[in-house]
Structures are given as structure tokens and as C-alpha cells.
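Below: one structure, written as C-alpha cells.
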Amino acid sequence: MSGSPMMKVKCHAPTGTARVSSVDVFLIGVPKAGTTWLSNILNQHPEICLSDPKEPNFVATHKGTFARDEREPDWSKYGDFFSGGGLKMDASVHTFSCPIAPHRIKSNFPHARFILCLREPVSRAVSHWNMVRSTGEDHGNGRDWGDFEGAWSDESLRVVSMYGTSMRNWLDHFDLSRFVIIDSSRMRGDPMSVVREVEGFLGIDEWGYDVNMDRHANTSSSNRKTTVVGSFVMFVFSLIPRFVKSPIVKFLQRRDWNIYRLPVLSSEEEYVPIGDQHYFACGEELCDELALFGSLTGFDHSDWEGQIRERIGDGSESGSE
């Protein structure tokens, strides 16, 4: 039965209580592949309880593009990221490329299901590179991603692009039936078909969503370098207890207001459009990864591989294996 588009109400539980008994769904994949949009859409459904923040980066050793932490999580604190009923969903995108995450999830949540969002890998890598440059995150972590070829030699960019290698690791712990694989281009071309597929995969009722793409997506224009004033504001805001700031954040999100886009708080970096040089830098390697991914999952990667080979001038036949 279809629901009507209405505000989702959650009952908040006190934090710091007990270990979460189960996390049912992990929305994983790669940066710049639509996970922000999809998580915001699914969070409207009354049978979904999205983690707060969307990416707690709790389970995996990969805490973002650069940060790594090999220590075992304090599982007693995981429940603090969830409030209300429904299927608990963690949307930490970097979980997919973490080699330790599958074992940890299998050990703690053996019945978990996974929504895996992917994108044509060369364009994704360039978009990710542009995002990091625009925010200055590379320099903040002692790296220089000024040119794409140099950035591609950094494991931090490469590892999230290795779809086949990562998927092989996951299938050592979970059956393929626990995954639904989403091509991010479908989210813009036919968003409701994606949402309905996910609803069917999770076994939840159809719902009436606000699927405005621009409102809910993490667009390139929203990736800006934080100014000194912006850093100070973020630091002050980080000191506010979650139960106080959470209603403020949700109020701003519902109206698509991002105060950090204000010029006094952030500035834009020049966006570099994708070109043949980017395909030459990584295309051949990523075609090999796509072939491995296709052989493991049956996912049809022929359009992606064909696009890459056309740009690098390789006339060899492409297709899923």
C-alpha cells in the first residue's frame, strides 16, 4: 500500500545506553554515486531508521577518503546513532572499500542486507578528485591532489575505485542475494524505479516520496573549501550535544539550507571537467576491475566499459562476463 508524503516522526531514545541489537541495512558504495540522495529519500519512509549522522563511519576502518583507524569499534556505542523504529540503516559509503568491514558486519549482524551504489568508475574518480580539491581535504591530510595523475597514484583514491576487488572480499562473507546493486545514473533517469526496487529488496511498503534530485543530492556546487570563519563555526557547532543540534540540522535539511555555502564560511575551487587524460590515467586498470566485478555479480558493465574504451582508443570488444 502506498503511503502519503508526510513528515516522518521519530521517537528519540537516550544515548549511551546499550549495544544495538541489530543493524539491518548498510547503504554502501563509492563517493559521488548517489548515496546521499538515496539515503535522504529512504529516510522519509516510516519503516526506515537512518543513522544520525548519515555516515557514522563506525564499523569500517576507512573513516573517509583519507582517515583510517584499525582499532576495534566500541560496539556498545553503536546504538547512539539510531533512534526510533523500523529497519536500522547505516549509510557510511566508505564501508564498501574497507577490507575488514565484511568480517565485522558478518560477526555482529549476519543477516544484514546491502544497497550497493556504483557509478562509471572513471567519471566517478574524477568527480571524487574534484570534490577533495574543492574542500581542501587533501592538504588537510598532508597530500597534494593538484593533478589527477598524482592523485590516482594515492591509495586513498584508487581503493574506492576497485569495484571487483572489494566485491570479492564481501562475497567471501555474504551471499550475493544479500545485495542490490544500483547504477547511479538510474537515480537521475528514473528515480522512482530505483526506490521501488529498493523497497522490494527490503520488503517494505511503497511510500510517497519527495524525490527532487537537486534538493537531496550532494552536488559539486555544494563541495566548497571551508574558510577560517567556517572552521570556527564548525568547531563551535561540534561542541553542541547531538540531542540539541539534531532538530536544528533536520529543520535546515528539510528546507535545503546549507549555511556553509555562505561566502564568509566557504569558497569554491575551480572544477576540472573530465577529459581524455583522465581516462588514459586509469581507464585500462578500471576496465579490469569491471570485468572482475561482472564475473562475480553478473552485473552488466558493458556500457561503462564501452565508454571507457572509446575514450582510450581501445577497439577491443567489451561486455559483461
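Start counting the sequence shown at 179; every next residue gets the next number (the working numbering).
Just so you know, even glycine gets a beta-carbon here, dropped at the ideal spot from N, CA and C.
Item                                                                                                                                                                        : Value
Which runs of the beta strand (DSSP E) spanning at least 3 residues fall entirely within the stretch 257–304, listed in chain order?                                        : 265–268, 291–296
How far does the beta strand (DSSP E) with residue 359 in it reach, from first residue to last?                                                                             : 357–361
Helix, strand or coil: how does DSSP classify residue 351 here?                                                                                                             : coil
Are the beta-carbon atoms belonging to residue 206 and residue 260 less than 8 Å from one another?                                                                          : no
For residue 204, which three-state DSSP category applies?                                                                                                                   : strand
Please report how far the alpha carbon of residue 283 lies from the alpha carbon of residue 239, in whole angstroms.                                                        : 12 Å
With 16 other CB atoms within 10 Å as the buried threshold, where does residue 331 fall?                                                                                    : exposed
Can you give the Cα-Cα distance for residue 474 and residue 199, rounded to whole angstroms?                                                                                : 31 Å
Under 8 Å: do the stretch 469–485 and the stretch 345–356 share three or more Cβ pairs, one atom per stretch?                                                               : yes
Compute the beta-carbon to beta-carbon distance between residue 337 and residue 279, rounded to the nearest angstrom, for a pair I have assumed lies under 8 Å.             : Contact doesn't hold; Cβ gap of about 12 Å is too wide.
Going by alpha carbons, who is nearest to residue 353 out of 289, 313, 381?                                                                                                 : 289
Using 10 angstroms around the beta-carbon of residue 333, count the other beta-carbons present and answer buried if the total reaches 16, otherwise exposed.                : exposed
For residue 247, collect the residues of the same chain with a Cβ closer than 8 Å to its Cβ; drop the 5 residues on either side in sequence, then sort them by chain order. : 239, 241
Less than 8 Å between the beta carbons of residue 358 and residue 417, yes or no?                                                                                           : no
Report, in whole angstroms, the separation of the C-beta atoms of residue 487 and residue 454, which I expect to be a contact under 8 Å.                                    : 12 Å between Cβ atoms; not a contact.
Residue 202 and residue 265: beta carbons closer than 8 Å?                                                                                                                  : yes
Taking the CB atoms as reference points, tell me whether residue 209 and residue 304 lie closer together than 8 Å.                                                          : no
For residue 240, list the residues DSSP reports as bridge partners.                                                                                                         : 246
Quick check: what's the CA-CA separation for residue 262 versus residue 226?                                                                                                : 9 Å
For residue 128, collect the residues of the same chain with a Cβ closer than 6 Å to its Cβ; drop the 5 residues on either side in sequence, then sort them by chain order. : An answer regarding residue 128 cannot be provided, because it is not within the stretch 179 to 499 covered by the chain.
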